[in-house]
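Engineer: One structure, as structure tokens, below. Some questions next.
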Amino acid sequence: MKTQVAIIGAGPSGLMLNRYLAKHGIESVVIEDRSREYVESRIRAGLLEAQTVDLLEEIGVGDRLHKEGLEHHGIYLQLGAEKVHLDFADLIGYSVWVYGQTEVQKDLDAACDKAGQQIHYEVTDVALHGVDSESPSVTFTDKDGNPQRIDCAVIAGCDGFWGPSRKAMPGADVGSFERVYPYSWLGVMAKVAPSTDELIYARHEDGFAMHSMRSEQVSRLYLQVDPDDDIANWSDDRIWDALAKRMATSGWELKIGEITEKGILPMRSFVSGKLQHGRLFLVGDAGHIVPPTGAKGLNSAANDVRFLGQGLVEFFKKNDASLLNRFEERAKETVWRVTHFSWWMTSMLHTSKNEFDNQLQISQLKHVMRNRALQVNLAENYVGIR
Ligand code: APR
Ligand code: PHB
Numbered sequence: 040m041k042t043q044v045a046i047i048g049a050g051p052s053g054l055m056l057n058r059y060l061a062k063h064g065i066e067s068v069v070i071e072d073r074s075r076e077y078v079e080s081r082i083r084a085g086l087l088e089a090q091t092v093d094l095l096e097e098i099g100v101g102d103r104l105h106k107e108g109l110e111h112h113g114i115y116l117q118l119g120a121e122k123v124h125l126d127f128a129d130l131i132g133y134s135v136w137v138y139g140q141t142e143v144q145k146d147l148d149a150a151c152d153k154a155g156q157q158i159h160y161e162v163t164d165v166a167l168h169g170v171d172s173e174s175p176s177v178t179f180t181d182k183d184g185n186p187q188r189i190d191c192a193v194i195a196g197c198d199g200f201w202g203p204s205r206k207a208m209p210g211a212d213v214g215s216f217e218r219v220y221p222y223s224w225l226g227v228m229a230k231v232a233p234s235t236d237e238l239i240y241a242r243h244e245d246g247f248a249m250h251s252m253r254s255e256q257v258s259r260l261y262l263q264v265d266p267d268d269d270i271a272n273w274s275d276d277r278i279w280d281a282l283a284k285r286m287a288t289s290g291w292e293l294k295i296g297e298i299t300e301k302g303i304l305p306m307r308s309f310v311s312g313k314l315q316h317g318r319l320f321l322v323g324d325a326g327h328i329v330p331p332t333g334a335k336g337l338n339s340a341a342n343d344v345r346f347l348g349q350g351l352v353e354f355f356k357k358n359d360a361s362l363l364n365r366f367e368e369r370a371k372e373t374v375w376r377v378t379h380f381s382w383w384m385t386s387m388l389h390t391s392k393n394e395f396d397n398q399l400q401i402s403q404l405k406h407v408m409r410n411r412a413l414q415v416n417l418a419e420n421y422v423g424i425r
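Its first residue numbered 40, the sequence shown is counted upward by one per residue in this note's numbering.
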């Protein structure tokens, strides 16, 4: 196969980039090692910044989001039984959208179908070649066992944290940063109307708890647990009891319903030393990971897609590589901002085994709950003003 851009990975990064390029008349081939069903059913976060919504609209996948997404104008912060509403509309005049990444993925897949864009699912043996040259290639074995090769001008590594692209980038490990947090999230999806109008982020002495949602009928809830905890230790009753206890405030009641999915997610911050080398570029989770607090993963992936997309349009349409050469510099500014913000929210809201750290974080949270300047700062980072 011959194309302009070979895209490895059909998650949100890969497909947002494919749609962006197609809109500008640039051809790409997408390969993915899992099945379409697997990719579409993977549960991830569900909060979109205004600029992510803008990008999705721009690439033609904003319709269902506007019909079914829930526009949110703030969040609740809680410390024990004390609850404060941060009104983003009043603080900064912006909002965010609650819409599951699973739905974004389905909308992207549907847009590819409609445009006749084929995606090669269930490929194996993916390998990158000649990333230092002007004509790199990607080889793989297709679903039917046939060896294949994509000759291209550019490779976009959109293959997540574990994919082969970062490993194929010379020197990417040098200057990489990683932090694995000493806690995990137990996440549940439940068939029950949300017990809150806006998301709740609660710090309790037993640990963090969070109330999010997917629709008027489906709630998404999280609990801080130890990283070595086992989901088998958490019966549905134990989960509901812990959520109700950690989020309790006077006069508020947690509605209980059928838990349809539960699992434990590790928490990690990671920034690759390099996001570009020769004709290889890393997009989304392939280049950086944030812990889920604040839901920045998909949003920073969208930011990368816009910067890489703009660079590629100049490169292919005007034969000018100057913007493309600045991809890493432009993307990293946002990457480090969201890395700091997610680390800050995570540390402030989770309990630590170190009592000095706990006291510092409680003091920080109280300060945010009482101080408008800090609330403006949180709101700007949360909605993605940078
Ligand atoms: N070949 C082809 N595809 C691969 C390979 C490979 N060898 N290895 C991994 N992949 C695929 C994965 O199966 C996955 O579908 O790459 C895709 C990467 O998708 P994501 O992990 O979803 O990462 P990304 O598209 O960058 O999405 C950004 O937003 O909510 C956050 O972290 C969350 O993943 C999310 C991110
Ligand atoms: C989610 O809905 O999954 C979600 C929302 C906000 C967060 C984290 C996760 O900060």
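Here a beta-carbon is modelled for each residue, glycine too, at the ideal position from N, C-alpha and C.
Going by DSSP in three states, S204 sits in which element: helix, strand or coil?
Structural biologist: S204: helix per DSSP, three-state reduction.
Engineer: According to DSSP, E217 sits in a beta bridge with which residue or residues?
Structural biologist: E217 pairs with F309.
Engineer: Following the continuous beta strand (DSSP E) through H243, name the residue where it begins and the one where it ends.
Structural biologist: Element bounds for H243: L238 to H243.
Engineer: Report whether the distance from the Cβ of G48 to the nearest heavy atom of the ligand APR is below 6 angstroms.
Structural biologist: Answer for G48: yes, Cβ within range of the ligand APR.
Engineer: Tell me whether G85 counts as near the ligand PHB, meaning its Cβ is closer than 6 angstroms to at least one heavy atom of that ligand.
Structural biologist: G85 Cβ: within cutoff of the ligand PHB.
Engineer: What do you reckon, is the C-beta of G336 under 6 angstroms from a heavy atom of the ligand APR?
Structural biologist: At least one heavy atom of the ligand APR is nearer than 6 angstroms to the Cβ of G336, so yes.
Engineer: Is the Cβ-Cβ distance between T299 and M228 less than 7 angstroms?
Structural biologist: Against a cut-off of 7 angstroms, the Cβ pair of M228 and T299 comes out as a contact.
Engineer: Compare the beta carbon distance of A211 and K313 with 7 angstroms and say whether it is the shorter of the two.
Structural biologist: In this structure, K313 lies closer than 7 angstroms to A211 by Cβ.
Engineer: So which of L362, T385 and E237 has the shortest CA-CA distance to K122?
Structural biologist: Among L362, T385 and E237, the Cα nearest to that of K122 belongs to E237.
Engineer: Can you give me the C-alpha to C-alpha distance between L118 and V193, rounded to a whole angstrom?
Structural biologist: Whole-angstrom Cα-Cα distance: 49 angstroms.
Engineer: For the beta strand (DSSP E) holding A433, just list the boundary residues, first then last.
Structural biologist: Outside the displayed span of the chain (40 to 425) sits residue 433, for which this structure offers no information.
Engineer: So is the beta-carbon of S52 under 6 angstroms away from any non-hydrogen atom of the ligand APR?
Structural biologist: The answer is yes for S52.
Engineer: So for W291, helix, strand or coil by DSSP?
Structural biologist: Coil.
Engineer: Use the C-beta contact count for V44: other C-beta atoms within 10 angstroms, 16 or more gives buried, fewer gives exposed.
Structural biologist: Counting Cβ neighbours within 10 Å, V44 comes out buried, since at least 16 surround it.
Engineer: Taking DSSP's pairing of strands, which residues face M249 in a bridge?
Structural biologist: For M249, which the question treats as bridged, DSSP gives the partners Y240 and Y261.
Engineer: Take the Cβ of N57 as the centre, count every other Cβ of all protein chains shown within 10 Å, and call the residue buried at 16 or more, exposed below.
Structural biologist: It counts as buried.
Engineer: Following a CB-centred definition, is G323 positioned closer than 6 angstroms to any heavy atom of the ligand APR?
Structural biologist: Under cutoff, so the answer is yes.
Engineer: Starting from the C-beta of I82, find all residues in its chain whose C-beta is less than 7 angstroms away, skip the five residues before and the five after it, and write them out in chain order.
Structural biologist: Hits under 7 angstroms: T141, M228 and E300.
Engineer: Report the three-state DSSP secondary structure of I328 (helix, strand or coil).
Structural biologist: Strand.
Engineer: Here's a check: name, in chain order, each residue in its chain whose Cβ is nearer than 6 angstroms to the Cβ of M249, leaving out the five neighbours to either side.
Structural biologist: Once the five neighbours on either side are set aside, the close Cβ partners of M249 are Y240 and Y261.
Engineer: Could you tell me how far apart the beta carbons of A150 and P203 are, in whole angstroms, since I believe they sit closer than 8 angstroms?
Structural biologist: About 26 angstroms; that fails the 8 angstroms criterion.
Engineer: What residues in its chain sit with their C-beta under 7 angstroms from that of I98, if we drop five residues either side in the sequence?
Structural biologist: The answer, listed in chain order, is M55, R58, Y59 and K62.
Engineer: Between which two residues does the beta strand (DSSP E) containing R365 stretch?
Structural biologist: Neither: R365 is in no beta strand (DSSP E) and is coded neither H nor E.
Engineer: With distance defined between alpha-carbon atoms, name the residue in R307, V374 and M208 nearest to G423.
Structural biologist: That would be V374, whose Cα lies nearest to the Cα of G423.
Engineer: Does the distance from the C-beta atom of W279 to that of I303 stay below 7 angstroms?
Structural biologist: For W279 and I303, no; Cβs fall outside 7 angstroms.
Engineer: Note down, in chain order, each residue of its chain lying with its Cβ closer than 7 angstroms to the Cβ of Y77, except the 5 sequence neighbours on either side.
Structural biologist: Closer than 7 angstroms at the Cβ level, and outside the excluded window around Y77, lies no residue.
Engineer: Can you look up P186 in the DSSP assignment and give me helix, strand or coil?
Structural biologist: Strand at P186.
Engineer: Could you tell me if the beta carbon of R58 falls within a distance shorter than 6 angstroms of some heavy atom in the ligand PHB?
Structural biologist: Because no heavy atom of the ligand PHB lies under 6 angstroms away, the Cβ of R58 does not count as near it: no.
Engineer: If I measure Cβ to Cβ from L95 and keep anything under 8 angstroms in the same chain, skipping five residues before and after, which residues do I get?
Structural biologist: Contacts found: M55, L87, G101, L104, V143, D146 and A341.
Engineer: If contact is defined by three or more beta carbon pairs under 8 angstroms, each pair taking one atom from either stretch, is the segment 167-183 in contact with the segment 259-274?
Structural biologist: No: the two stretches stay apart, fewer than three of their Cβ pairs being nearer than 8 angstroms.
Engineer: May I ask whether a heavy atom of the ligand PHB can be found less than 6 angstroms away from the beta carbon of G113?
Structural biologist: Not under cutoff, so the answer is no.
Engineer: Take M387 and list the residues in its own chain whose beta-carbon comes closer than 7 angstroms to its own, dropping the five residues that flank it on each side.
Structural biologist: So the list reads Q400, Q403 and L404, once near-sequence residues are dropped.
Engineer: Between Y222, Y133 and L319, which lies nearest to S308 when the distance is taken from Cα to Cα?
Structural biologist: Measuring from the Cα of S308, the nearest candidate turns out to be Y222.
Engineer: Consider the C-beta atom of G312 and the heavy atoms of the ligand PHB; say whether any pair is separated by less than 6 angstroms.
Structural biologist: No, Cβ of G312 sits at least 6 angstroms from all heavy atoms of the ligand PHB.
Engineer: Under the three-state reduction of DSSP, which class applies to Y138: helix, strand or coil?
Structural biologist: In the structure shown, Y138 sits in coil (DSSP, three-state: anything other than H, G, I, E or B).
Engineer: Taking the Cβ atom as the reference point for each residue, do L321 and R411 lie within a distance shorter than 7 angstroms?
Structural biologist: No. Outside cutoff.
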